[in-house]
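Enquirer: In this note's numbering, the protein residues as written are 451 to 1367.
For each residue, glycine too, the CB sits at the ideal point set by N, CA and C.
Since we're looking at a predicted model, the values are computed, not measured.
Structure provided below as structure tokens; questions to follow.
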């Protein structure tokens, strides 16, 4: 449970930064410059390459790469392609910034396709495995959309971070054929992206456009110059072409000042950036008016600028209207300045990279105090516009670290309440070292980010330091709420309860964020302790209704869980579906709460015997459900999915899901989740007759119990209960019915006392069967009827049938006895129909297709994975053996299934055996 997230007005678009006009220009393709000379031959060649996996435009600055991209973009859109645009910058070497930009650019085309990936990007992990996971989720969602999508990356040479480059490599590896990557770069893409492109090049899936392809031909140079220089002769145009070697920036510069060149300038070569800088300094900047030169030099401090910003940078020496006229005139004169504007929005400009480099040199030559004053004015302007990232950057450059820290602190509450944890982290990272530690507010903000990203060890260290600070009463309350949320992430309900004990009423001045968070945390604790009525009372109170829309939807999930825990499945289903429907439109926070609702709904669907519906819902979401970080949701989703796969005949899929749950529980120290997985494993493996696997699971359960031997907390008690339940299953399997009956009576008393009627119905039915086996028919019959009556009242199906394979026989005898009332008789017959339908389901082997060759041959890596799969190895072990990540193994498995025409592990193994692969 994190502090709740998105405010009602938050846009569905995943990137909050899109509200920032400066940030949004990165995701919007610039306008094609007015009067841009058509390059029909080049555009035709580029368009012909539209089906290639990757298109690379590589050349020095000023060779027209961006213009070529824009022309290609226009052509592709006429062919029905969707085109996402991202202008890269040095800041994209921070993986979080890059992922935010990548997803925001695609969101401009299709916001829905990045929703799941955005939730992962807002998580805490920033390593290669997390980036690969995100690439896979995005690739899977791209595969579900119709139509071709092109991602255009301008200035790709800015990207040097290995994790960002590898993310693009994984996108190329995993995305469907309808996804295409187009790069414009000054140099060849770096490894590992460059290596992936080289591999595609060998497969003829890459189109390369090099400097010689981008330069003007002699004919194009002549046409270009004739359109810009009145009266130029063909001979003069050819001399300029030779002098520039068709380099577009050189031709553009010469065309502007052709008549004003002195003799030495006419001979100066202009074939590269060095020549451009020398020529520009000597023949252009030296001849500009002081006002124009000052305007452009100061504007070069910002990657993009508008007239109002320049007005501030120039200290109001000219009006904004006059500045806009100047910028417009320079744009119309093709003076290496580009206009960027969406319809109805403010005009923004950017300098050509070559010109900005020249002007930045002049800027750096100014006295230090003038540079600082310039950045000081810039940060105040950006802060007033809400562009916090730029404001903080300029404040730091102005040596105003304290002001930068104050800005971050002042906007932290708003960002956190809207769930913008990535932006919050980025702002904190921009501050000079030490400033975060000096401000309590910033340390609280960092703690919120770490909680959302589940960096629990670092969070505990934060708590220890904050606890020693002189906090006011509200800060103390917030610290306790953070500690409570962290405790729930660790499945430590008792600690959470102790922390909440002193927070029945928050101190005066608590805002809606604290109030709604306290309500939801209290509800979680009450539910974990079986206090369902108290949980509903809290969720129905004023505090729970005060928070954001996502906080309210989280409360509905908890209300539904209270019904689930009591066994009122239909009531719970209604609430979960209500959350799923309402969660759309609330950004990353909405995605997170929808996955919480999906995990809980999957549990209900399983109980109502909607097995395939449960699998369809949960299979696609388990990665994201784990990302919610709530142990109870993860447990219910994983256990329901494993059980549903098992009953549908997909035994290996079921066991693989249990492996995954155990692995997650082990990594995060969640013993209760591990115990549940082991207990289910005992039952399932007993059905298969795999007694060695049963013995192994029991040994691991004993180890868990041993570690909790002296503990009396609720988690330890539940682990011991699960171990006892597993031992009862062993007694029953051995025919030790008296020992089983004693254990069942103890467990039944405990769950009844805790108000958990759903497991009570199962235990009561199981005890009835044991009494029957012991020959106590006079007690067994009424006990089974009592179990049926309870299960019918709660609307249960699966928990009764999962009790034992002997349940259908006992039910049949009960129905034949004609002693049941009509309602209960109908319910018993319904259970028998469900059991009969279950027996009719084909096994994975029986469902395997006939012996025909795969539609597409398996690759060597896929054959390796299939061979290990046949040994019943889980994904994690396959990954370890082959040196891959578990996510990569999952990706290969999906491809293997598709090629073999199957949908699950068991069927794939059976099909491979049939084909002798």
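Under the three-state reduction of DSSP, which class applies to residue 659: helix, strand or coil?
Expert: For this step, residue 659 is matched to residue 209 along the chain shown. Residue 659 falls in the strand class under three-state DSSP.
Enquirer: Between the beta-carbon of residue 516 and the beta-carbon of residue 634, is there less than 8 Å?
Expert: To locate residue 516, count along the chain shown from 1; it is residue 66. To locate residue 634, count along the chain shown from 1; it is residue 184. Yes, these two residues count as a Cβ contact at 8 Å.
Enquirer: Please classify residue 654 as buried or exposed, where buried requires at least 16 neighbouring CB atoms within 10 angstroms.
Expert: For this step, residue 654 is matched to residue 204 along the chain shown. That one is exposed.
Enquirer: Run the CB neighbour count on residue 1349, radius 10 Å, all protein chains shown included, and call it buried at 16 or more, exposed below.
Expert: Sequence index remark: in the chain shown, residue 1349 carries index 899 (1-based). Residue 1349 is buried by the Cβ-count criterion.
Enquirer: Run through DSSP, which three-state label would residue 693 get?
Expert: Reading the chain shown from its first residue, position 243 is the one you call residue 693. Helix, per DSSP.
Enquirer: Counting along the chain, where does the alpha helix (DSSP H) carrying residue 1262 start and finish?
Expert: For the purposes of this step, residue 1262 is taken as the residue at position 812 of the chain shown. If you look at residue 1262, you'll find it in the alpha helix (DSSP H) that goes 1257-1266.
Enquirer: Using 8 Å as the cut-off, can you tell me whether the region 664-678 makes contact with the region 541-556, which would need three or more C-beta pairs spanning the two stretches below that distance?
Expert: Contact fails between the region 664-678 and the region 541-556, because fewer than three Cβ pairs, one in each stretch, are under 8 Å apart.
Enquirer: The alpha helix (DSSP H) spanning residue 972 covers which residue range?
Expert: Here residue 972 refers to the residue found at position 522 when the chain shown is read from its first residue. For residue 972, the uninterrupted alpha helix (DSSP H) run begins and ends at 962-978, by DSSP.
Enquirer: What does residue 508 pair with, by DSSP beta-bridge criteria?
Expert: Here residue 508 refers to the residue found at position 58 when the chain shown is read from its first residue. Residue pairing by DSSP places residue 508 opposite 635 in a beta bridge.
Enquirer: In whole angstroms, what is the alpha-carbon distance linking residue 524 and residue 481?
Expert: Along the chain shown, read from residue 1 onward, the residue named residue 524 stands at position 74. Along the chain shown, read from residue 1 onward, the residue named residue 481 stands at position 31. Going by the C-alpha atoms only, they are around 11 Å apart.
Enquirer: Could you compute how far the alpha carbon of residue 560 sits from the alpha carbon of residue 1013?
Expert: Against the chain shown, residue 560 aligns to sequence position 110. Against the chain shown, residue 1013 aligns to sequence position 563. For residue 560 and residue 1013, the distance between alpha carbons rounds to 37 Å.
Enquirer: Please name the residue in 891, 805 and 1051 whose C-alpha comes closest to that of residue 1025.
Expert: Indexing the chain shown from 1 puts residue 1025 at position 575. Distance from the Cα of residue 1025 is smallest, within the candidate group 891, 805 and 1051, for 1051.
Enquirer: Apart from the five residues on each side of it in sequence, which residues of its chain come closer than 7 Å, Cβ to Cβ, to residue 1006?
Expert: Translated into positions along the chain shown, residue 1006 becomes position 556. Within the same chain, residue 1006 has close Cβ partners 1025, 1028 and 1029.
Enquirer: Is the region 1082-1093 in contact with the region 1106-1120, if contact means three or more CB pairs nearer than 8 Å?
Expert: yes
Enquirer: Determine, using beta-carbon pairs with one atom in the region 1068-1078 and one in the region 1322-1329, whether at least three such pairs fall under 8 Å.
Expert: no
Enquirer: Do you know offhand how far residue 859's Cα is from residue 531's?
Expert: Looking up residue 859 in the chain shown gives position 409. Looking up residue 531 in the chain shown gives position 81. So the alpha carbons of these two residues sit roughly 43 Å apart.
Enquirer: Could you please give the first and the last residue of the uninterrupted alpha helix (DSSP H) stretch that includes residue 867?
Expert: One-based indexing of the chain shown puts residue 867 at position 417. Counting along the chain, the alpha helix (DSSP H) containing residue 867 begins and ends at 851-867.
Enquirer: Please name the residue in 680, 1275 and 1166 whose C-alpha comes closest to that of residue 943.
Expert: Counted from its first residue, the chain shown places residue 943 at position 493. The option with the nearest alpha carbon to residue 943 is 1166.
Enquirer: Just reading off the alpha helix (DSSP H) that residue 1138 is part of, what are its end residues?
Expert: Against the chain shown, residue 1138 aligns to sequence position 688. Residues 1121-1138.
Enquirer: Would you check if the region 847-858 and the region 887-895 touch, i.e. whether three or more CB-CB distances between them fall below 8 Å?
Expert: yes
Enquirer: Count the other CB atoms, across all protein chains shown, that sit within 10 Å of the CB of residue 1101; report buried if there are 16 or more and exposed otherwise.
Expert: Along the chain shown, one-based indexing puts residue 1101 at 651. So residue 1101 counts as buried.
Enquirer: Classify residue 714: buried if its beta carbon has 16 or more other beta carbons within 10 angstroms, exposed otherwise.
Expert: One-based indexing of the chain shown puts residue 714 at position 264. Since pLDDT at residue 714 reaches only 48, below the 50 mark, its modelled position is unreliable, and the value read off the structure follows with that caveat. Counting Cβ neighbours within 10 Å, residue 714 comes out exposed, since fewer than 16 surround it.
Enquirer: So for residue 1204, helix, strand or coil by DSSP?
Expert: Residue numbering aside, residue 1204 sits at position 754 when the chain shown is read from its first letter. Of the three classes helix, strand and coil, the one that applies to residue 1204 here is coil, per DSSP.
Enquirer: Count the other CB atoms, across all protein chains shown, that sit within 10 Å of the CB of residue 1299; report buried if there are 16 or more and exposed otherwise.
Expert: Within the chain shown, numbered from 1, the residue matching residue 1299 stands at position 849. Residue confidence for residue 1299 is low, a pLDDT of 48 falling below 50, so the modelled location carries little weight; the figure read from the coordinates is stated next. The residue in question, residue 1299, is exposed, as its Cβ has fewer than 16 Cβ neighbours within 10 Å.
Enquirer: Shortest alpha-carbon distance to residue 952 belongs to which of 962, 933 and 963?
Expert: Counting from 1 along the chain shown, the entry for residue 952 is found at position 502. When each option's Cα is compared against that of residue 952, the closest is 933.
Enquirer: Per the contact definition of three or more C-beta pairs closer than 8 Å, is the region 897-913 in contact with the region 578-587?
Expert: Verdict: no, contact absent.
Enquirer: Using a Cβ-Cβ cutoff of less than 7 Å, which residues in the same chain neighbour residue 1275 once the five nearest sequence positions on both sides are dropped?
Expert: Locating residue 1275 in the chain shown gives position 825, where the first residue counts as 1. Taken in chain order, the residues that qualify are 1265.
Enquirer: To the nearest angstrom, how far is the alpha carbon of residue 832 from that of residue 849?
Expert: One-based indexing of the chain shown puts residue 832 at position 382. One-based indexing of the chain shown puts residue 849 at position 399. The straight-line gap from Cα to Cα measures roughly 16 Å.
Enquirer: Less than 7 Å between C-beta atoms, sequence neighbours within five positions excluded: which residues of the same chain meet that for residue 742?
Expert: One-based indexing of the chain shown puts residue 742 at position 292. Closer than 7 Å at Cβ, skipping near neighbours: 776.
Enquirer: Where does residue 459 fall in DSSP's three states?
Expert: Within the chain shown, numbered from 1, the residue matching residue 459 stands at position 9. Low per-residue confidence applies at residue 459: pLDDT is 35, beneath 50, and the placement is therefore not dependable enough to give any value.
Enquirer: Can you name the residues that DSSP bridges to residue 630?
Expert: Counted from its first residue, the chain shown places residue 630 at position 180. Answer is 600, bridged to residue 630.
Enquirer: Would you report the Cα separation of residue 1135 and residue 900, rounded to the nearest angstrom?
Expert: As a first step, residue 1135 is located in the chain shown; it is residue number 685 there, counting from the start. As a first step, residue 900 is located in the chain shown; it is residue number 450 there, counting from the start. Those two C-alpha atoms are separated by around 39 Å.
Enquirer: Classify residue 874 as buried or exposed, calling it buried when 16 or more other Cβ atoms lie within 10 Å of its own Cβ.
Expert: For the purposes of this step, residue 874 is taken as the residue at position 424 of the chain shown. It is buried - the Cβ of residue 874 has at least 16 other Cβ atoms within 10 Å.
Enquirer: Where does residue 1043 sit, in a helix, a strand or coil, going by DSSP?
Expert: What you label residue 1043 is simply residue 593 of the chain shown in a count that begins at 1. Residue 1043: helix per DSSP, three-state reduction.
Enquirer: Measuring only the C-alpha atoms, how far is residue 520 from residue 1347?
Expert: Along the chain shown, one-based indexing puts residue 520 at 70. Along the chain shown, one-based indexing puts residue 1347 at 897. One Cα belongs to residue 520, the other to residue 1347, and the distance between them is close to 40 Å.
Enquirer: As a quick exercise: from 1251, 1095 and 1182, pick the residue whose alpha carbon is nearest that of residue 1222.
Expert: Reading the chain shown from its first residue, position 772 is the one you call residue 1222. When only C-alpha atoms are compared, the closest one is 1182.
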